[in-house]
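Colleague: 119 is the number that UniProt numbering gives to position 119 of the sequence shown; each next residue is one higher, with no gaps.
Positions of the beta carbon are idealized from the N, C-alpha and C atoms, including for glycine.
Keep in mind that this is a model prediction, so the values were computed, not measured.
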Amino acid sequence: MNDRSQMYVGQQQVAGSVNKVLRNTYALLAMTLAFSAVTATISTMMNLPYPGFFITLILYVGLLFGIHKTKDSAMGIVLTFALTGFLGYTLGPLLNMALQMPGGGEMVATALGGTALTFFATSGYVLSTKKDMSKLGGLITAGIIMVVVAMLANFFFQMPALQLALSAIMIPLMAMLIMYQTSEIIHGGERNYILATVTLYVSLYNLFVNLLTLLMAFNGDD
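1) Given that a residue counts as buried once 16 or more other Cβ atoms are within 10 Å of its Cβ, and exposed if not, what is Met216?
2) Specify the secondary structure class of Thr129 as computed by DSSP and reduced to three states.
3) Given 8 Å as the limit, is there contact between the stretch 75–91 and the stretch 31–42, that is, 3 or more CB pairs closer than that?
4) On the DSSP letters alone, give me the boundaries of the alpha helix (DSSP H) that Lys69 sits inside.
5) Tell me where the alpha helix (DSSP H) around Ser167 begins and ends.
6) Do you know how far the Cα of Leu29 is from the Cα of Ile186?
7) Specify the secondary structure class of Met101 as computed by DSSP and reduced to three states.
8) Could you name the residues of the same chain whose beta carbon sits closer than 7 Å to that of Tyr193, not counting the 5 residues immediately before and after it, in chain order?
9) Would you mind working out which of Phe208, Met45, Val18, Phe81 sits nearest Leu117, comparing C-alpha positions?
10) Could you tell me the distance, in whole angstroms, from the CA atom of Thr110 to the CA atom of Pro102?
11) Is Arg23 helix, strand or coil when you go by DSSP?
12) Classify Asn47 as helix, strand or coil using the three-state DSSP reduction.
13) Can you tell me whether DSSP reads Val9 as helix, strand or coil?
14) Can you list, in chain order, the residues of its chain whose CB lies under 7 Å from that of Ile178, leaving out five sequence neighbours each side?
15) Alpha carbons only, please: which of Ile144, Leu152, Arg191, Val149 is nearest the one belonging to Ile171?
16) Between which two residues does the alpha helix (DSSP H) carrying Gly189 extend?
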């Protein structure tokens with residue numbers, strides 16, 4: 001086999017591996033979103049309380065750590081469902097608050113629609129253009145660190161204006177994260193579909209929460 005043939009076979013193998021990661025990622029993402037929707041519905045219907053900022057943070061970080069440790073095993077999938085199910089449960093109190101407001105159902109539907117539109121637009125753009133978005137990595141990391149620090153500060157100072165500012169920042173930040181993660185998959189930078197799924201799910205979760213938060217704030221000002 002000559003060098004050109006070997007190069008072609010190698011390219012085909014890489015393309016096959018990328019397509020497999022992409023298929024598995026979207027399949028697992030669809031299942032976790034469905035599971036999260038179930039836990040969110042149960043939490044909403046039962047009017048379950050929000051577990052609290054620090055409990056949520058500890059469980060979130062703990063489950064993320066566990067997923068990274070077990071990313072190459074079936075336990076990684078189990079922990080991914082545990083994480084997404086828990087985050088779905090935390091949506092219950094926010095959904096109840098929104099649904100009690102005038103036009104609450106419409107706000108929830110608008111937030112869902114905006115989240116879906118953002119996901120399909122950003123991921124579709126990267127998949128169709130095949131653009132390398134790796135340069136966004138540093139900006140996204142810096143943005144997330146800034147938001148986390150500001151969120152911790154706002155937990156103590158309780159400034160509504162800061163909360164709205166953070167929500168406004170998080171929306172484009174999560175859109176960029178979807179583009180970055182999709183690019184990492186198609187360019188071979190991310191070969192683990194469990195980690196890719198978690199990143200995309202968290203991006204969608206944050207998009208929805210922050211869109212709904214802004215819609216509720218604007219509705220309350222009317």
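Modeller: With the structure as the only source:
1) buried
2) helix
3) yes
4) 53–69
5) 160–186
6) 16 Å
7) Looking at Met101 - three-state DSSP - the assignment turns out to be coil, as it is neither helix nor strand.
8) Val21, Asn24, Thr25, Leu28
9) Phe208
10) 14 Å
11) helix
12) If DSSP states are grouped into helix, strand and coil, Asn47 belongs with coil.
13) With a pLDDT of 43 at Val9, under the threshold of 50, the modelled position of this residue cannot be trusted, and the question is left open.
14) Phe119, Thr122, Ser123, Leu200, Ser203
15) Ile144
16) Here Gly189 belongs to no alpha helix (DSSP H), and DSSP marks it neither H nor E.
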